[in-house]
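Working notes, structure below.
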Amino acid sequence: MRAIALGFLMFIASTQAQAEWLEASSDHFVIYSGQKEKAVTDFAERLERFHAAMTRVYKQENTKPSPSNRVTVFVVANRAEVREVVGAKNRYLAGIYIPRAGGSVAVVPKLKGASRSDLTGETVLYHEYAHHFMHMNTNRAYPRWFVEGFAEFFAGVRFNSNGSVGIGAPPYYRADELAYGREVPIRRLLDFDGGIGDSKTGYDSFYGQSWTLFHYLQMTPERSGQIPKYGELLATGASALDAAAGAFGDLDRLDKDMEAYLRRRKVSILTVDPSSLAIGPIALRKLRPAEAEMMPVIIESKVGVGAEEANSLLPEAQRIAARHPDDATVQAALAEAEFDAGNDDAAIVAADRALAVDPKQINAYLQKGYALARKVQNGALPKESWKDVRGQFARANRVENDHPVPLVWFYLSYTKQGEQPTKNAIDGLEWALHLAPFDASVRWLVTQQMIADERLSDAVRTLGPLAYSPHPGEHTDRARELLKSVQARLEASP
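Heads up, my numbering is the position in the sequence shown plus 35, with the first residue counted as 1.
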């Protein structure tokens, strides 16, 4: 508890020392930073050009997400502050990205651009945003090497002075891994999990090999068309190795070709012409003094806190909110801090204050809804009050139609009450997954509902990306077991 409190106080002291906070709002990102206007605007432009380059390469429509479903990027002073925010001790931690329905966040150190030789926070963000982009554009499960190779390929981005964007620059920060790490055998690399959890592998060159293979297949003319064919074979139900052999040919030959490719002196880079990189406007504003004062609390809350951290955070949130009772953003942040600390009634009061000032303050709607739901679950309100929870999230949905969280909680207000969800609620849940396919919890809920409705083929397709996630989490093992069970039921059915 003491260590958590001290770390948080150090973070508050350093962030509040900033003269001002700026917000840069664009089509796909919201950035909060204490740097100068040009640095923040340039960063927002780089992110939008990066997104536009990926849509161009994969011929996707450059659509705008709902405002709350954009990625929020918090820029802090240095790597030490990144570690303080997430409570990590790893000195090599360059940045974090947390995919979450209606609240994906990244925390990176001050912006210096992507480095050719160092794994910077900006490079980490490009890598993780490539995962985000992939989730948004396919519902198919891909093997781990492909997912990570794709992300490493796009993380090697260069923003050229003529406005073009170069994709596929070598990840020099993987040089030691490729030179000294244990090589993952080609068939193990190509398997769905890529050897994850294999205790015999030790420190290996998985990421470097994945980049090499993806880059080789993407950029070598004689391999043209093999990546799409590989995806088609996986879609038909082929195993990872059968799909690889069917698309890439002899796997031993592939292994040798990869090694030869890695030894080349020069590597091709895919250049996207500036005429293909039209981006929307970037709105820059200085945060109000009240917002700026609350920013350290907001960052901690959005990244996520445990019980001890929440209780350490709350007094500062209360002090700031007491000084600014008429600021809707501050009161909504207080509502979130109160909810995280377990104070449901106080969270509702703060949320109501925020909504009295700004009836469209979406976070206030959500925090009040969460608090009402927990009061019903804890018995502080009768079961009949689930209809009030439902109404609260319905109001949030009217404020922002395509915010995924109200859709999810409208559905949960039925299941937690022990009632069968309506078709409208189920449709809303599935639309939430469409809006936020990167959210593991939403994917799990949709899968469970599909199984309950005997939509087993749909359940298998939906569960695949979760079962073979490149970053295993609490759902992964359960998802793999469930996937095997559902596949067995499908095979046994007439």
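Glycine is no exception: its CB is placed at the ideal position from the N, C-alpha and C atoms. These numbers were taken from a predicted model, which means no experiment stands behind them.
Beta-ladder partner(s) of residue 201, from DSSP: Numbered from 1 along the sequence shown, position 166 holds the residue referred to as residue 201. Partner(s): 193, 306.
Cutoff 7 Å; reference residue 180; Cβ partners in own chain excluding five residues on either side: By 1-based counting over the sequence shown, the position of residue 180 is 145. Closer than 7 Å at Cβ, skipping near neighbours: 224, 225, 229, 245, 248.
Where the beta strand (DSSP E) through residue 340 begins and ends: Position 305 of the sequence shown holds residue 340. Residue 340 -> no beta strand (DSSP E), and no H or E assigned at all.
Delimiting residues of the beta strand (DSSP E) encompassing residue 321: In the sequence shown, residue 321 corresponds to position 286, counting from 1. Unbroken beta strand (DSSP E) run through residue 321: 318-321.
Contacting residues, own chain, Cβ-Cβ under 6 Å from residue 243 (five flanking each side not counted): As a working mapping, residue 243 is identified with position 208 in the sequence shown. Closer than 6 Å at Cβ, skipping near neighbours: 209, 212, 213.
Where the beta strand (DSSP E) containing residue 428 begins and where it ends: Locating residue 428 in the sequence shown gives position 393, where the first residue counts as 1. Here residue 428 belongs to no beta strand (DSSP E); instead the alpha helix (DSSP H) covers 421-434.
Chain-order list of residues whose beta-carbon lies under 8 Å from that of residue 138 (same chain, five-residue window excluded): The residue you call residue 138 lines up with position 103 of the sequence shown. Cβ neighbours of residue 138 beyond the five flanking positions: 103, 107, 337, 440.
Delimiting residues of the alpha helix (DSSP H) encompassing residue 461: Position 426 of the sequence shown, counted from the start, is the residue given in the question as residue 461. Run containing residue 461: 458-470, per the alpha helix (DSSP H) assignment.
Cutoff 8 Å: residue 255 Cβ touching any chain B Cβ: In summary, chain B is missing from the structure at hand, where a single protein chain is found.
The beta strand (DSSP E) enclosing residue 207, as first and last residue numbers: What you label residue 207 is simply residue 172 of the sequence shown in a count that begins at 1. Segment: none, residue 207 is in no beta strand (DSSP E) and carries neither H nor E.
Check whether residue 203 and residue 160 have beta carbons under 8 Å apart: Along the sequence shown, one-based indexing puts residue 203 at 168. Along the sequence shown, one-based indexing puts residue 160 at 125. No, they are not a contact pair.
Helix, strand or coil at residue 66 [DSSP, three-state]: Translated into the one-based positions of the sequence shown, residue 66 becomes position 31. In the structure shown, residue 66 sits in a strand (DSSP, three-state: E or B).
Three-state class that DSSP yields for residue 473 in the structure shown: Position 438 of the sequence shown, counted from the first residue, corresponds to residue 473. Coil at residue 473, not helix or strand.
Element boundaries [alpha helix (DSSP H), containing residue 225]: Position 190 of the sequence shown, counting from 1, holds the residue named residue 225. Per DSSP, residue 225 belongs to the alpha helix (DSSP H) from 221-225.
Beta-carbon spacing of residue 317, residue 61 below 8 Å: Residue numbering aside, residue 317 sits at position 282 when the sequence shown is read from its first letter. Residue numbering aside, residue 61 sits at position 26 when the sequence shown is read from its first letter. Contact flag set, yes.
First and last residue of the uninterrupted alpha helix (DSSP H) at residue 520: Walking along the sequence shown from the start, residue 520 turns up at place 485. First-last of the alpha helix (DSSP H) with residue 520: 511-527.
Under 8 Å between C-beta atoms of residue 280 and residue 269: Here residue 280 corresponds to residue number 245 of the sequence shown, with the count starting at 1. Here residue 269 corresponds to residue number 234 of the sequence shown, with the count starting at 1. No. Outside cutoff.
In chain order, each alpha helix (DSSP H) run of at least 4 residues that lies wholly inside the region 361-424: 363-375, 379-392, 397-412
Touching by the beta-carbon criterion (3+ pairs, under 8 Å), the region 320-337 and the region 358-367: yes
Option nearest residue 450 by Cα separation, candidates 215, 469, 418, 69: Counting from one through the sequence shown, the residue named residue 450 turns up at place 415. The residue with the shortest Cα to Cα distance from residue 450 is 418.
Supposed close pair residue 494, residue 521 - CB separation, criterion 8 Å: The sequence position of residue 494 within the sequence shown is 459, counting from 1. The sequence position of residue 521 within the sequence shown is 486, counting from 1. Contact holds; Cβ gap of about 5 Å.
Residues of its chain near residue 452, where Cβ-Cβ distance is below 7 Å and the 5 sequence neighbours each way are ignored: Counted from its first residue, the sequence shown places residue 452 at position 417. Excluding sequence neighbours, residue 452 sits near 418, 421.
C-alpha gap between residue 183 and residue 505, whole angstroms: Residue 183 sits at position 148 when you count from the first residue of the sequence shown. Residue 505 sits at position 470 when you count from the first residue of the sequence shown. Each residue's alpha carbon lies about 7 Å from the other.
Cβ distance (whole Å) where residue 20 is taken to contact residue 498 below 8 Å: Residue coverage of the chain in this structure runs from 36 to 529, which leaves residue 20 outside it and unanswerable.
Proximity below 8 Å, CB of residue 407 to CB of residue 427: Along the sequence shown, read from residue 1 onward, the residue named residue 407 stands at position 372. Along the sequence shown, read from residue 1 onward, the residue named residue 427 stands at position 392. For residue 407 and residue 427, yes; Cβs fall inside 8 Å.
Assigned exposure category for residue 288 - 16 Cβ within 10 Å defines buried: The sequence position of residue 288 within the sequence shown is 253, counting from 1. When all chains shown are included, residue 288 counts as exposed.
Between the CA atoms of residue 488 and residue 156 - distance to the nearest angstrom: Along the sequence shown, one-based indexing puts residue 156 at 121. Along the sequence shown, one-based indexing puts residue 488 at 453. So the two alpha carbons sit approximately 43 Å from each other.
Short Cβ contact (8 Å threshold) for residue 134 with residue 167: Translated into the one-based positions of the sequence shown, residue 134 becomes position 99. Translated into the one-based positions of the sequence shown, residue 167 becomes position 132. Yes.
Coarse secondary structure for residue 55, derived from DSSP in three states: For the purposes of this step, residue 55 is taken as residue 20 along the sequence shown, with counting starting at 1. Residue state, collapsed to three classes: coil.
Terminal residues of the alpha helix (DSSP H) in which residue 176 lies: Along the sequence shown, one-based indexing puts residue 176 at 141. From DSSP, residue 176 is part of no alpha helix (DSSP H); its letter is neither H nor E.
Status (buried if at least 16 other CB within 10 Å, exposed otherwise) for residue 526: What you label residue 526 is simply residue 491 of the sequence shown in a count that begins at 1. Looking at its Cβ environment, which holds fewer than 16 other Cβ atoms inside 10 Å, residue 526 is exposed.
CB of residue 398 within 8 Å of CB of residue 376, strictly: The count along the sequence shown starts at 1 and reaches residue 398 at position 363. The count along the sequence shown starts at 1 and reaches residue 376 at position 341. No, they are not a contact pair.
Per-residue DSSP class, three states only, for residue 314: Position 279 of the sequence shown, counted from the first residue, corresponds to residue 314. Reduced to three states, the DSSP call for residue 314 is coil.
Closest Cα partner of residue 339 within the set 500, 95, 119: As a first step, residue 339 is located in the sequence shown; it is residue number 304 there, counting from the start. The residue with the shortest Cα to Cα distance from residue 339 is 119.
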